[in-house]
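Written out below as structure tokens is the structure these notes cover.
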Amino acid sequence: MSKPQWNRRHVLSAVGAASALAAMPLRAQDSAASTAAASGGNEIRIGQSAHLTGPLGPTFLPVVKGQQLAIDEVNRKGGIQGRPVKLITLDDAYDAKKCVENVNTLIDKEKVVALFGLASSPNVGAVLPILLEKKVPLIGVYTGLPALRAKQHPYFFTTMASYRDEIAQMVRNLVTLQKPNIGLVYQNAPFGQMMKPVVEEVAKELGANLVAMVPLEANGSDAVACAQSLAAAKPQAVMFMAFGPSMIPFVKAVRAYVGVPIYAVSIANSPALLKAMGDDARGLAFTQIAPYPFRQTTALTRDLAAEASRAGIEVGYDHMFGYVNMRILLEVIRRAGKQITSASIVRAIEGMNKYDPGGFPVSFGPNKHHGSAFVEIAIVGPGGRWIR
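Each residue of the sequence shown is one higher than the last, beginning at 507 in the working numbering.
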């Protein structure tokens, strides 16, 4: 069987119009104190290109903090084989060309053994050919675009569910609740346009009826008209395939004109937006692809709570997102043997058939590069508290 050819043409086909797609931006921070805590040997260097600047930069700071908590934890305990782990992050300002430049710098100059936590579908798509050329793995990205996972890539591994997994969980939930007549609202931008056919396919598979499919402008300027179109179709629930500021006027309009449950994908779960919505956020249902972090009922949630307490952080879903993602990568590095190289990391993750950091099992293999399909639904309760 020949290896897949992830050339420019294939990438363009996979991500389609995703060059305008916003995604989870990240900002990683090196911790000199935690790096110094581990002694002996050279640093184990991991590289990340992320959105450090721009208006979206601060939005996902909790994810970044979660990543760093995991690194601080391992370095405080002596690192891996006595070697400190260092995450080197370069800013790409959500520009795919800059991301490619950063990745080349990380591999060629910084000598990282693996890439981690790249964000946005256009950036990940642009980097896939480089991974093949340089034989360096990318583990744990912050995008769930199904097209990027459709064809196995020898150096690309994901740790979280895809958007298709999230959509399927939504539809299953609504069908189980006997609400099969669904109104779909999708962002009139690449993200929504790519999700629309996925929703149609999943709805058909699971026996749901899409009684309306309505586009919504990214700024939400047509939210009232969108809600009125939905109301005419009399859906039993609404699926929201969008994210960003359009959610605020849209939710208000649906409350006024439609009055049915609203389900949204995890990428729309912005703490800042939920806070801005106030009482309108209550009752919103979101898919979540990281474990529920608010009860210390598993080893993973207890570990995160302990590290967050040490750092003076109140945990949320985004902290867990970054923390568990990094925990998985660190376990892969532990299994990579005494000589930690890009090749040994690929062998280690492909050999990691079963791993559970304490409440989030993942499974990889030579022909299984996407380790989790975990999705659950959480609802915004009184005071913005999450309810499962």
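Yeah, the Cβ is synthetic: ideal placement off N, Cα and C, and Gly gets one too.
CA-CA distance, residue i and residue j?
i	j	result
R655	V868	16 Å
L716	L690	7 Å
A854	D785	47 Å
K740	L558	43 Å
H875	M666	11 Å
A709	L624	30 Å
I851	K641	11 Å
Q574	P568	10 Å
E856	K571	28 Å
Y669	R894	20 Å
M778	P767	Strictly speaking, residue 778 in this sequence is Ala, with Met absent from that position. Cα to Cα, A778 sits roughly 21 Å from P767.
L596	G553	8 Å
I594	Q684	49 Å
N608	R551	15 Å
N873	N859	11 Å
V764	I754	15 Å
A791	G750	16 Å
G818	V647	26 Å
P652	A695	17 Å
V674	P703	Rather than Val, the amino acid found at residue 674 in this sequence is Ala. C-alpha separation (whole angstroms): 13 Å.
E707	G584	49 Å
K657	D809	35 Å
V838	Y861	10 Å
L634	N610	12 Å
A879	R816	31 Å
M449	Q802	Beyond the ends of the chain as shown, which are 507 and 894, falls residue 449; an answer cannot be given.
G889	E639	50 Å
R788	K615	49 Å
G877	H659	14 Å
W892	N548	42 Å
G887	R761	16 Å
G546	R589	With a pLDDT of 36 at G546, under the threshold of 50, the predicted position of this residue should be treated as unreliable, though the coordinate-derived value follows. C-alpha separation (whole angstroms): 6 Å.
S776	H825	12 Å
I885	V705	21 Å
M700	A632	17 Å
A724	I846	44 Å
S752	M783	11 Å
Measure the beta-carbon distance from residue i to residue j and round it to whole angstroms, keeping in mind my assumption that it falls under 8 Å.
i	j	result
E813	D578	7 Å
L637	Y661	4 Å
G871	T804	In fact, because the Cβ distance is near 24 Å, the residues do not count as touching under 8 Å.
For residue i, which residues in the same chain have their Cβ closer than 8 Å to its Cβ, ignoring the five residues on either side in sequence?
i	result
V720	G689, L690, V691, Y692, C732, S735, L736
D672	Reading the sequence as shown, one finds Glu at residue 672 and not Asp. Once the five neighbours on either side are set aside, the close Cβ partners of E672 are G650, V771, S772, T793, I795, V881.
F756	V691, L722, G726, A729, C732, A733, F746, A748
A718	G689, L690, S735, L736, A738, A739, P741
V744	I688, G689, L690, V691, L736, V760, V764, V766, P767, I768, Y769
E820	A814
Going by beta carbon distance, what residues of the same chain come within less than 7 Å of residue i, once the five residues before and after it are set aside?
i	result
V681	L712, G713, A714
V580	I586, V591, L836
S848	V619, A620, K641, V642, P643
L806	P797, V830, P863, G864, G865, F866
M832	Q573, A576, I577
F827	V569, G572, A796
D598	S555, A556, H557, K604, C605, N608, N629
F895	The requested residue 895 is not part of the displayed model; the chain covers only 507 to 894.
Whose C-beta lies closer than 6 Å to the C-beta of residue i among residues of the same chain, with five residues either side of it excluded?
i	result
N629	A602, C605
G822	P568
V730	A759
N679	I883
K781	none
F663	I645, I855, H875
G698	Y692, M747, A748
A811	Q802
I613	K640, V642
P686	A714, N715
key: beta strand (DSSP E) runs contained entirely in the stretch 549-613, provided each spans 3 or more residues   = 550-556, 591-597
inquiry  = To test your reading of the DSSP string, which unbroken alpha helix (DSSP H) runs of 4 or more residues are found completely within the stretch 818-843?
reply    = 823-840
ask   = Using 8 Å as the threshold, is the stretch 617-626 in touch with the stretch 831-844, meaning 3 or more CB pairs across them?
value = yes
query = Are the stretch 760-777 and the stretch 792-802 touching by the rule of at least three beta carbon pairs closer than 8 Å?
reply = When Cβ pairs closer than 8 Å are counted between the two stretches, the stretch 760-777 is seen to touch the stretch 792-802, the count reaching three or more.
request  = May I have a chain-ordered list of the beta strand (DSSP E) segments no shorter than 3 residues that lie completely inside the stretch 678-717?
outcome  = 687-693
query = At what residue ranges does the stretch 720-786 contain a whole run of the alpha helix (DSSP H), taking only runs of 4 or more?
reply = Listed in chain order, they are 729-739, 753-763, 777-783.
task = Give, in chain order, every unbroken run of the alpha helix (DSSP H) that is at least 4 residues long and sits entirely within the stretch 860-885.
result = Secondary structure within the stretch 860-885: not one fully enclosed alpha helix (DSSP H) run of 4 or more consecutive residues is present.
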